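Asker: At position 7 of the sequence shown the residue is numbered 6 (numbering that gives the first Met the number 0), and the sequence of numbers has no breaks.
I have a structure I would like to understand better, so I am pasting it below and will then ask my questions one at a time.
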Amino acid sequence: MYLPECREHPGKMLPDLARRIVRCYSRRGDLVVDAMCGNGTTIVEAARLHRRAVGVDVEDRWVDLAARNLDHMLDDATRPLARVRVGDARQLPDVLADTTGRVDLVATSPP
Numbered sequence: 000m001y002l003p004e005c006r007e008h009p010g011k012m013l014p015d016l017a018r019r020i021v022r023c024y025s026r027r028g029d030l031v032v033d034a035m036c037g038n039g040t041t042i043v044e045a046a047r048l049h050r051r052a053v054g055v056d057v058e059d060r061w062v063d064l065a066a067r068n069l070d071h072m073l074d075d076a077t078r079p080l081a082r083v084r085v086g087d088a089r090q091l092p093d094v095l096a097d098t099t100g101r102v103d104l105v106a107t108s109p110p
């Protein structure tokens, strides 16, 4: 179960929907980006499906919650696949400048 604080976020991605999107539109090892990651549902589900995942959010508090969800929901094998950072989706190329490889899927749920 995701952390209870996730209920506070105004825009929520349902875990089943995130999992379905990631499964349908990416492959194991692909890079999935959520440019408005909120509590991190999409990146958690991507990592659980063995995709590399980067979450970006403009608000520190949601980045912190997403990071805590990654630690809470992922095991030692999948936790290294996902990371989250503060950034603005409008400057995504700059925010992801240090990310290696191409982005294979952008999946997000805007507020």
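For glycine and all other residues, C-beta sits at the position ideal for the given N, C-alpha and C.
Everything numeric in this text was worked out from a predicted model, so none of it was measured.
Using the C-alpha atoms, what's the distance from N68 back to W61?
Answerer: 10 angstroms
Asker: On the DSSP letters alone, give me the boundaries of the beta strand (DSSP E) that D33 sits inside.
Answerer: L30 to D33
Asker: Starting from V55, trace the beta strand (DSSP E) both ways and give me its first and last residue.
Answerer: Run containing V55: R51 to D56, per the beta strand (DSSP E) assignment.
Asker: Compute the minimum distance between the beta carbon of D103 and the heavy atoms of the ligand PLP, and state whether it is under 7 angstroms.
Answerer: As for the ligand PLP, it is missing from this structure, which has no ligand bound.
Asker: Using only the alpha-carbon positions, how far apart do D70 and R78 sit?
Answerer: Roughly 7 angstroms between the two C-alpha positions.
Asker: Quick one: Cα of E4 to Cα of V32, how far?
Answerer: 22 angstroms
Asker: Going by beta carbon distance, what residues of the same chain come within less than 6 angstroms of I20, once the five residues before and after it are set aside?
Answerer: A106, listed in sequence order.
Asker: Do D56 and M35 have their CB atoms nearer than 8 angstroms?
Answerer: yes
Asker: Do you know offhand how far P110's Cα is from M12's?
Answerer: P110 and M12: Cα-Cα distance of roughly 10 angstroms.
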